[in-house]
Each structure stands twice: as C-alpha cells, then as structure tokens.
Amino acid sequence: MTQLSIVSGLPFVTAILRANGNEISLPNVLIDTGSAASVFRTDDLLKIGVQPALEASIRFVSGIGGREAVIEGMVDALSIDDLTASPFTIQMGRLEYGFAIDGIIGLDFLLQVGAIIDLENLEIRKGS
Numbered sequence: 009m010t011q012l013s014i015v016s017g018l019p020f021v022t023a024i025l026r027a028n029g030n031e032i033s034l035p036n037v038l039i040d041t042g043s044a045a046s047v048f049r050t051d052d053l054l055k056i057g058v059q060p061a062l063e064a065s066i067r068f069v070s071g072i073g074g075r076e077a078v079i080e081g082m083v084d085a086l087s088i089d090d091l092t093a094s095p096f097t098i099q100m101g102r103l104e105y106g107f108a109i110d111g112i113i114g115l116d117f118l119l120q121v122g123a124i125i126d127l128e129n130l131e132i133r134k135g136s
C-alpha cells in the first residue's frame, strides 16, 4: 500500500523504474485511469539505459495536457511500493504539459497489477 499525494486536485505517487541493472525513483508520477498507457520522460529513461524499441513507431497520445508524440520502450520492472509489473512496456515522451510531472501511470499498469485506488483513504494497494 502507498499513500496518494493530491497536488492541484490530482493523485500522485512515487514510482521506481528498473532497467539494465539500474533504477530511478520518480517522486511526481500521476495516477491516471483515463490514460490507456504509462508514459515517462525520455530523458529519465535514458539515464537507466532504456532505449526505444527498434521496431517501435511513433504514436500520438492526447490528454489534458494536449497531444504528444511517444515511442515504445521496455523496462525490467515498474513499481509503486509492492505493486510491480515485470517486465513492462512503457511509452517514452517529453511530458511537457505545463505542470511538473515525472510520469503517468496508466490503466495498463493498474490492470496488470490489480490495483485498488482507495480515494477515501488516499491510498493505492493490491487487490485481494
């Protein structure tokens, strides 16, 4: 279980990405059930050796921050405390939405790990 932080009316958590024997902790990651895919800043992913998939094509995602070009990559693991998806396909982008954000946890991750978002207690945890 991990606590959600509400910032400007939006739920944020800290996420850890692991790849190539490296890891990075990102403290400002949005939980977004309206996003089909999880998206992280390309610059952060390059720090742990994540490269775009060779066969990946550029896609466009749209959301509250506008429209953005992304490309698919793979991490060894994406974790929010005890919620872990391994390996996990992510989208790499610039994340320039006009407010500070390190990434977006989308429905792809939330479904894979069986996450329960408890807004009354402001926490996210694994379902039974």
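Under the numbering used here, the letters of the sequence shown match residues 9 to 136, in that order.
Cβ atoms here follow ideal geometry from the backbone N, Cα and C, with glycine treated the same way.
Please read all numbers here as calculations on a predicted model, not as lab measurements.
*If you check the beta carbons only, do Ile125 and Ile39 fall under 9 angstroms apart?*
As a working mapping, residue 125 is identified with position 117 in the sequence shown. As a working mapping, residue 39 is identified with position 31 in the sequence shown. Contact: yes.
*asked:* If you measure between the beta carbons of Gly114 and Thr41, is that distance less than 9 angstroms?
replied: As a first step, residue 114 is located in the sequence shown; it is residue number 106 there, counting from the start. As a first step, residue 41 is located in the sequence shown; it is residue number 33 there, counting from the start. Yes, the Cβ-Cβ distance between Gly114 and Thr41 is below 9 angstroms.
*Going by the CB atoms, is the gap between Val83 and Leu62 shorter than 9 angstroms?*
Numbered from its first residue, the sequence shown carries residue 62 at position 54. Numbered from its first residue, the sequence shown carries residue 83 at position 75. Not in contact: Leu62 and Val83 (Cβ atoms no closer than 9 angstroms).
*Taking Cβ positions, are Gly101 and Val69 nearer each other than 9 angstroms?*
Within the sequence shown, numbered from 1, the residue matching residue 101 stands at position 93. Within the sequence shown, numbered from 1, the residue matching residue 69 stands at position 61. Their beta carbons are under 9 angstroms apart, which means Gly101 touches Val69 by this criterion.
*Based on Cα-Cα distance, which residue from Leu119, Glu131 and Ile66 lies nearest to Thr22?*
The count along the sequence shown starts at 1 and reaches residue 22 at position 14. Among Leu119, Glu131 and Ile66, the Cα nearest to that of Thr22 belongs to Glu131.
*How is the beta strand (DSSP E) around Ala41 delimited, first residue to last?*
By 1-based counting over the sequence shown, the position of residue 41 is 33. The sequence shown places Thr at residue 41, rather than the Ala named in the question. Taken as a continuous stretch (DSSP letters only), Thr41 belongs to no beta strand (DSSP E), as it is neither H nor E.
*asked:* Counting C-beta neighbours from all protein chains within 10 Å, is the total for Gly29 16 or more, i.e. buried, or is it exposed?
replied: What you label residue 29 is simply residue 21 of the sequence shown in a count that begins at 1. Looking at its Cβ environment, which holds fewer than 16 other Cβ atoms inside 10 Å, Gly29 is exposed.
_With distance defined between alpha-carbon atoms, name the residue in Val78, Ser43, Ser65 and Gly122 nearest to Thr50._
Mapped onto the sequence shown, residue 50 falls at position 42. Of the listed residues, the one whose Cα sits closest to Thr50 is Val78.
*Which residues share a DSSP beta bridge with Ile32?*
For the purposes of this step, residue 32 is taken as the residue at position 24 of the sequence shown. According to DSSP, Ile32 bridges with Leu25.
_Pair within 9 angstroms by beta-carbon distance, Arg133 and Leu91_ = By 1-based counting over the sequence shown, the position of residue 133 is 125. By 1-based counting over the sequence shown, the position of residue 91 is 83. Their beta carbons are under 9 angstroms apart, which means Arg133 touches Leu91 by this criterion.
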